[in-house]
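Worksheet: one structure, shown below.
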Amino acid sequence: MKNVALEKLKNIDILVFGITLFLLIFSVFNIYSASYHEFSNLYIKQIVFVVFSFFVILTTTFLFDYRWLSSVSFYLYGLGIVLLILVKFIGSTVLGAKRWINLGFFQLQPSEVMKSIMIIFSANYISSSKLPISFKDFLKLMLFSVIPFTLIYTQPDLGSGIMLVLPVLVMVFLAGFKLRYIISFMLVFILLSPIVWNHLKDYQKNRILAILNPEADPKGTAYHIIQSKIAIGSGMLTGKGYLQGSQSKYYFLPEQHTDFIFATIGEEWGFVVSFLLLSLYLILSLRIFLIGKTLKDMFGKFICYGVASLIVFQSFVNIAMNLAIAPVVGVPLPFLSYGGTALIMFSFLIGLVLNISYINSKQSFQLYPENIGDY
Amino acid sequence: MKFSRFYFLITLLFLIYFILVGRLFYLQIVKGEYYSEISNRNYIKVFQSNPPRGKIYDRNGVLLAYDIPTFDLIAFPYIVRENYKIEELRLLLKNVFGVELDEKTQEIIRKNLLPKITVKKNLTQKDVENFYNYSYMLKGFYLEVVPKRVYTPEANYLPHIIGYVGYPTKEDVEKNPDITLNTLVGKSGIEKIYDNLLRGKAGQKAVLVDAFGRQKKILWEKDPEKGNDIYLSIDIRLQKIVYETFKSSGHKSGAVVIVDPDSYQILAALSYPTYDLQKFYEGLKQEEWQALTQDKYTPLIDKVFTGRYPPGSIYKPLVSIAALEEGVITPETRILSGSEFSIGKYRYRNWNKAGCGYINVAQALEMSCDTFYYQVGLKLGVDNIFKYTKLFGIGEKLNPDIEKKVAIVPNREWKRKVLKQPWFHGDTVNLSIGQGYLSITPFDATKIVVPIANGGKVLKPQILKGYYDNKRQMFVHIKPEVIRKIKIKIWNLEAVRYGMYLVVYGPQGTAKALKSVPVKNAGKTGTAQVYTYLTRQKKHGKWELRDHAWFISFAPYDNPKLAGVVFVEHGESGGGVAAPLMANILKRAYSEGVLSIK
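In order, the protein sequence lines correspond to chains F and R.
With UniProt numbering applied, the first sequence covers 1 to 375.
With UniProt numbering applied, the second sequence covers 1 to 598.
Right, dumping it as structure tokens:
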């Protein structure tokens, strides 16, 4: 029995597992630093989530076969939609947004669950279609995406909505969707953008404008951006030291344990660690992309592509927002921002990737034809 | 190479990655110092605490100025606007402090135009209590201690000398790191001259604050250093007598200075009329301000140190000393002095048409004989008169701190430069009797009499008797400082002194009023022409055209303890106006024991 466990661990992808483990542990330290001065015990909750996430990774990796998901992906999709609709009715409202379902011991955030479901659903959809994906299949998939997007967008949570759709688009792109369609879609999007702009809420417009000229309204919308810039900039090369960040400790930096945790890290740890962290996200997603690339199983391959693009785009958008070069939209930093559902779902996705790589390394696939093209 | 979507995506990721790394590098390495400094300013706030300013006493410890703390209600707009809607704020301030929030303040708060604003000045006791009672709902407000200067009623006898305080300008603050915009600094008079002694040093408290302005931790604290108390050389009892005597004389404008000739400490200095110092400091109403500035008797001008007037005959003792020392005359030399003196076609009259006859220098002083001095002065020459004037310190700032303006002393060079004309004999004649281009301040007039009284010492004038040094915990006395000694032969000096004695006691003396003073004393009258004889005749009677009245004196005659100057602007007659005024001052001062008879 012992040997079997050891054997299993040997086959696990050490880069993905190692980086994830590091991020999970690092998150506890930083959430402690970002919240202890408010006499909050958020870091205790985070420890509980981290420990739980660790079990989620191990169980998903070893006691599970991802291929089973393929057969239930449609039901999962349905479950996700039901949860999102449920939020509308029984969701708890925080700061004017209805995003959570109170389960008593836990605040479930269905939009985070839906992100994972959407990756599995799309991977299944693409892998069971004829590749390269046809325009018709593409339209159907888009239709499936628009429904949860609309539900999340109206919570309101534009950031989660975008993060739901972005991996799907990457997957479609890699599934060989015709370039001329992509270009036409981009043209349509550019033509439609003034109409979209007019339908944005004022605060959303302000957030986008704030990026262009943050000093114009330093106490209003751009406050986050300026304070985040000051926090990160003042960290300089090696940072002010752990627990020594003045911007974050004295409330100058809002939402520092959630969306702006990177600013706290930048302030306390400086350029060296911030740069390393940024690189870790890139390496993690590259590794998952490459795992996907070597796979012959289309379902597993597209799950990897989805997971990799979700991690890399969500972390890059969050960091860009902290660095004041992207609008402030509510996008948490994967593994590091406080939040139970996101942490567990990301851990589940990592477990899934490890499971895919583990199962595929164990057996050589004869199930699929050799020549599958560049997908 | 075939276009690979996979590697296109990877390249895109690297591109974004490098943009982010570049931005990170820019913020933390390139602009790191800049943000670091902003970050420090963000959370460290330095509060200044103003120390009590030193008190001002007279030489005997009578309080003239001190300060009391008052409280201002201050708001930080950037915190207030986060916590209140303008309407809420308006109601809150109205209900708790009775303050109507004006449009301008509202705009400052709404737009966060200033780092802090004063909402209400000079809070009452009730307001302060309310502040503490309602502090839980006053977010972004705090009380600021603002020192306020109080001038005692005694200070109103010498407002020009005391001066007043106010807040510094931005330039002042930039120049002096010890002061802030909230520090009271001297604006004029003693308050300004001895500002460094009086001001003390502000305390500083550096506090960690959060984004709501709440104090988190005191980083370092420096206690304020209290200002030093200073003691003027002024005797406020004498000052009061001087003031009241001048006032009751009915004359409208003038100056009186009384000094101790051995130390040159100023015992009294009056510029008349005066004004209410406290009212002036706290701010006058428009009409009050206009009344003060448009008054033709110029109450706001310090006549003692800034008014320049022709001295007239009070200059004669100085010319006498010059003539005696330069050997033009001896004490015994008698000169025929008639009713007028001519050079070519110009005639110079004696003030008394009768003339003086054969007289020596002492008699010339007694009678204030102009024709005597015309002759002596001409022999002496302008250069010698100028030399002695300078030796006595007239036209020189013996104490630059207190002497703002000094005499204009003409000589050949001066006339060539200023009037672009050569010096004439007539100019020397005029100068010999203190007329012509010469104009001196009332304080300069004491410089004639002080060396005569103390035997030739030119001292540094002092207005400070001493101060209590808080640091060293001891009283520091200001010692007399001899600037130079004028070598005057004793018999020459005695001749002039005797002449001044005769001014009071001689049969033809011009200041007989001083006879009634209970100590033996001496002096010299002066009636200075303001306009030439002819214009004077035409317009006689109008105040602005009348002669100035002067009197200088020292007392007691044998051992002078005081030297004094009375100047009555357009008072018309030195003997008839200025001398009796001095007599009344001295009589009262001796009878009340303010000056000692011995």
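Here a beta-carbon is modelled for each residue, glycine too, at the ideal position from N, C-alpha and C.
Small disclaimer: the values here were computed from a predicted structure and weren't measured.
C-beta neighbour in chain R for residue i, strict 7 Å
| i | result |
| --- | --- |
| F:Ile183 | no |
| F:Gln247 | yes |
| F:Ile325 | yes |
| F:Met236 | yes |
| F:Gly233 | yes |
| F:Phe62 | no |
| F:Asp312 | Reading off the sequence shown, one finds Val at residue 312 of chain F, where the question assumed Asp. Judged by the 7 Å Cβ criterion, F:Val312 is in contact with chain R. |
| F:Phe260 | no |
| F:Ile319 | yes |
Residue i, enclosing beta strand (DSSP E) - first and last residue
| i | result |
| --- | --- |
| R:Ala563 | 562-568 |
| R:Arg349 | 346-349 |
| F:Pro167 | Not the beta strand (DSSP E): F:Pro167 falls in the alpha helix (DSSP H), residues 158-174. |
| R:Ile231 | As written in the sequence, residue 231 of chain R is Tyr, which differs from the Ile given in the question. Unbroken beta strand (DSSP E) run through R:Tyr231: 229-232. |
| R:Val476 | 474-477 |
| R:Tyr467 | 464-469 |
| F:Ser337 | Counting along the chain, F:Ser337 falls outside any beta strand (DSSP E), and DSSP gives it neither H nor E. |
| residue 379 of chain F | For residue 379 of chain F there is no data in the structure shown, the boundaries of chain F being 1 and 375. |
The alpha helix (DSSP H) enclosing residue i, as first and last residue numbers
| i | result |
| --- | --- |
| R:Ala550 | According to the sequence displayed, residue 550 of chain R carries Trp and not Ala. From DSSP, R:Trp550 is part of no alpha helix (DSSP H) but of the beta strand (DSSP E) over 548-555. |
| F:Met114 | 110-127 |
| R:Gln106 | 103-111 |
| F:His224 | 223-235 |
| R:Arg416 | 412-418 |
| R:Tyr7 | 5-25 |
| R:Asn430 | 425-432 |
| R:Val450 | 442-454 |
6 Å Cβ shell around residue i - same chain, five flanking residues per side excluded
| i | result |
| --- | --- |
| R:Ile343 | His425 |
| R:Trp543 | His570 |
| F:Lys219 | Unreliable placement is indicated for F:Lys219, whose pLDDT of 49 sits below 50; no coordinate value is reported for it. |
| R:Gly575 | Thr510, Ala511, Thr525 |
Burial state of residue i (16 or more Cβ within 10 Å)
| i | result |
| --- | --- |
| R:Asp383 | exposed |
| F:Val82 | exposed |
| F:Ala97 | exposed |
| R:Pro153 | exposed |
| R:Glu151 | The question names Glu, but residue 151 of chain R is Tyr in the sequence shown. Burial call: buried. |
| F:Pro194 | exposed |
| F:His199 | exposed |
| R:Lys240 | buried |
| R:Val418 | exposed |
| R:Glu413 | exposed |
| R:Thr124 | exposed |
| F:Val272 | exposed |
Close Cβ partners of residue i (< 7 Å) along its chain, the five nearest in sequence each way excluded
| i | result |
| --- | --- |
| F:Asn318 | Asp259, Phe262, Val331, Pro332, Leu333 |
| R:Ile488 | Ile321, Glu325, Gly456 |
| R:Ile478 | Gln462, Leu464, Lys465, Gly466 |
| F:Pro156 | Ala97 |
| F:Glu257 | According to the sequence as given, residue 257 of chain F is His; it is not Glu. Here the set comprises Ile31, Ala34, Ser35, Leu42, Tyr338. |
| F:Ile117 | Leu76, Tyr77, Gly80 |
Chain F contact for residue i (CB, 7 Å cutoff)
| i | result |
| --- | --- |
| R:Ser39 | yes |
| R:Gln28 | yes |
| R:Asn42 | yes |
| R:Ser253 | no |
| R:Ile236 | no |
Close-in-space but distant-in-sequence residues of the same chain around residue i (CB under 8 Å, 5 per side omitted)
| i | result |
| --- | --- |
| F:Phe22 | Leu280 |
Any C-beta of chain A under 7 Å from that of residue i
| i | result |
| --- | --- |
| R:Lys31 | Among the chains of the structure shown, chain A does not appear; the protein chains present are F and R. |
Which ranges would you report for the beta strand (DSSP E) in the segment 33-89 of chain R if only whole runs of at least 3 residues count? 44-49, 63-75
Contained beta strand (DSSP E) runs [length at least 3] in the segment 59-94 of chain F, N- to C-terminal order: 92-94
What are the start and end residues of each continuous beta strand (DSSP E) run of 3 or more residues lying completely inside the segment 236-311 of chain R, in chain order? 254-260, 265-272
Pick out the complete beta strand (DSSP E) segments inside the segment 136-215 of chain R, 3 residues or longer, and give them in chain order. As far as the segment 136-215 of chain R is concerned, its whole beta strand (DSSP E) runs of at least 3 residues are 141-151, 203-209.
May I have a chain-ordered list of the alpha helix (DSSP H) segments no shorter than 4 residues that lie completely inside the segment 318-368 of chain R? 361-367
Continuous beta strand (DSSP E) assignments of at least 3 residues falling wholly in the segment 510-535 of chain R: 522-528
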